[in-house]
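Okay, so here's the structure we're looking at.
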Amino acid sequence: MAGIVNYIKESFGELKNNVTWPTLAEGQSLTVLVALFSIIFSLAIWGVDTVFSKVITFYFDWIN
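Counted from 1, the sequence shown has number 61 at position 11 by this note's numbering; the numbering is strictly sequential.
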């Protein structure tokens, strides 16, 4: 149990002393960038899924 407590203490020390945190403005702009990329990527996947669905439906209607 002492090993886990020591690990947690060292982890917090690492985060406090050795990690360079972004400023609030950088954090906000990066959050917006990630949100936009996620929306664009999900729309692209939705588009590809819709096209494949229509192609498969057309194929099965064509062979029947």
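Glycine included, C-beta positions come from ideal geometry on N, C-alpha and C.
- Counting along the chain, T100 sits inside the alpha helix (DSSP H) bounded by residues L74 to I113.
- Cα atoms of F102 and I89: separation of roughly 20 Å, rounded to the nearest angstrom.
- The beta carbons of P72 and L80 sit about 7 Å from each other, so the pair counts as a contact at 8 Å.
- Per DSSP, the continuous alpha helix (DSSP H) segment holding N67 begins and ends at A52 to N67.
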